[in-house]
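Encoded as structure tokens, the structure appears first; notes follow it.
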Amino acid sequence: MATFQGGLPDLTNPVAEAGTGPEVYVETYGCQMNVYDSQAIEGLLERDGFRLGDNEMGADVILLNTCSVRDLAEHKVISRVGEIRHRRTKAGLPQPVIGICGCMAERLGKDLRKGPRRVDLVVGVDSYDTLPGVLREITDAQAKAIPEAMRTQTGHRNDAHYVAPPALYPINNSHLVTIHKGCDYKCTYCIVPYTRGPQSEKAPHTILEEIRGIVEAGGREVTLLGQNVTAYKWRDGLDFAGLVEQVAEVEGLERIRFLTGHPKDMHPHLMDAIGRLDKVCPWLHLPIQSGSDRVLRRMKRLYNSGEYLEMIDYARKVIPDVTFSSDIIVGFPGETETDFQDTLEVIRRVKYDQLFSFKYSERPGVPAARLADDVPLEEKKRRLAELIKVQEDSWTREAAEHIGEVWAVVSEGEARRPAGSCRLRTANNRKVVLHDASLEIGQQVRVRVTGITNTTFAGELLA
Ligand code: SAM
Ligand code: SF4
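Residue 464 is where the sequence shown ends in our numbering, and the numbering goes up by one at each step.
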């Protein structure tokens, strides 16, 4: 069951006997933190008698848990509201209650209650505890019209953290555990510090209890989550390295991953701990954003490319088999071709396993919005395509070196393609597809690497 750590009251007055209340369907957009939050929302609603649905046609209530990081992400959600309304009308079904949760709720608030695509409810990232109560009112056919103020719940509280129940179907067999919320960095392009509020840590004892609960429920792997997990700092001075040491002591837990690390906080003692602790997977997702020092300064990223590369070299020295992934933005205001080439140089140098690359998207109200968005869209697209090509070439060359190697992998379920195959993952986050669907999720096996397709390896099962 979902709970809270901090000063939030327990729920009372369930809407109905367990499993007999209105049906709620939660659809999740954006980052893993939203995936975790959706789990918490579902846990809270289930605890209060609501039923959980898995599609928009049967549900009484549809909650869209949203992302504001790029303009396109927000547009998708607004058109999704229109699409849901249209599909329900076309099928002759009553209109559901539609709510917008997450970052868009914080950023746009009451505006989402206006216009042709208006929604019935707006609930921001720190207000999910209000959902059962408000939904109880809205879905009660006998109830009088509820006050407008109840329909928009936003604003930040740093005293309360959600603790989601262990996921029934964890992503990639890894249970998400949010360890802190918000962000105190103010990268000039980023909306997150405004939508998610200041950084606030979940208490270590709550995190450990949550992880023990996951292990008790059969989980063997966790992914510690936060906008900057590496900036974790509890009141007694416990930092991320210290927290990971404690998590590694949880009996029965086999693997620990974490997302996202900020390069500025990736200190040598943390990398030493990652290298030393067997349970901590040797995979670092360290967004560089740009390889140009001039752009990094304008982004306020608080490191330069030289420091970043030194950190990568150190990690390679102390963390056996370590792999890297990263986020990159192309076309930040004022980015010249030379700046862009500096980014490509870093990609060639680091040899990332995976890159998440984005065209710069201006966000209203952030510091970079005061700079002219002066790289034309066509040029952003060209740079993005070139960057993707450089990454593909770099990865393909690197990946080819691994053909013939024998790897320990964990099965993560059926692969989408080809039919009858399954997905597996190494501790250092390499994905392998195997022509064998008989493995159970979580099963540990050894494979020989036989080839590469796109970003995955093909493998054969060893006895
Ligand atoms: N906290 C993480 C970090 O510091 O790298 C990242 C969080 S952010 C939600 C995920 C990624 O979205 C960022 O790493 C960045 O590459 C991208 N992003 C953020 N704001 C953006 C913007 N305005 N335009 C394009 N991409 C953006
Ligand atoms: Fe955004 Fe920067 Fe915070 Fe990451 S560290 S969430 S990019 S402000």
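For glycine and all other residues, C-beta sits at the position ideal for the given N, C-alpha and C.
Per-residue DSSP class, three states only, for residue i
i: H436; result: coil
i: A146; result: coil
i: K381; result: helix
i: V126; result: coil
i: L425; result: strand
i: S306; result: helix
i: L46; result: helix
i: Y37; result: helix
i: A464; result: coil
i: T456; result: coil
i: T155; result: coil
i: T189; result: coil
i: T344; result: helix
i: V319; result: helix
i: T337; result: coil
i: G414; result: strand
i: G116; result: coil
i: G103; result: strand
Residue i versus residue j: straight-line alpha-carbon distance, rounded
i: R108; j: T454; result: 40 Å
i: D121; j: S69; result: 19 Å
i: V27; j: M34; result: 14 Å
i: H268; j: R317; result: 14 Å
i: L285; j: D314; result: 12 Å
i: K470; j: R81; result: The shown model of the chain, from 2 to 464, leaves out residue 470, and the question about it has no answer.
i: V126; j: R197; result: 7 Å
i: H157; j: R258; result: 28 Å
i: N173; j: G414; result: 8 Å
i: G253; j: R221; result: 7 Å
i: L278; j: T29; result: 33 Å
i: V296; j: Y129; result: 37 Å
i: Y190; j: R371; result: 10 Å
i: H530; j: W396; result: Residue numbering for the chain in the displayed model covers 2 to 464; residue 530 lies beyond these limits and cannot be assessed.
i: V123; j: G50; result: 21 Å
i: P97; j: R86; result: 8 Å
i: L378; j: E461; result: 44 Å
Heavy atom of ligand 1 within 6 Å of residue i beta-carbon
i: C191; result: yes
i: Q33; result: no
i: Y163; result: no
i: Q247; result: no
i: Q228; result: yes
i: R70; result: Per the sequence shown, the amino acid found at residue 70 is Val instead of Arg. Yes, the beta carbon of V70 sits closer than 6 Å to at least one heavy atom of ligand 1.
i: F458; result: no
Whole-angstrom C-beta distance between residue j and residue i, which should lie under 8 Å
i: T261; j: N305; result: 19 Å between Cβ atoms; not a contact.
i: E336; j: V376; result: 6 Å
i: F357; j: D328; result: 5 Å
i: R52; j: E24; result: 5 Å
Cβ-heavy atom distance, residue i to ligand 2, below 6 Å
i: N305; result: no
i: N159; result: no
i: C104; result: no
i: P194; result: yes
Residues sharing a beta bridge with residue i, DSSP
i: R258; result: T224
i: L356; result: S327
i: V62; result: V25, V98
i: R447; result: A409
i: D240; result: K234
i: S201; result: K182
i: W284; result: T324
i: Q247; result: For Q247, which the question treats as bridged, DSSP gives no partner whatsoever.
i: R52; result: E24
i: L177; result: T224
i: Q290; result: I329
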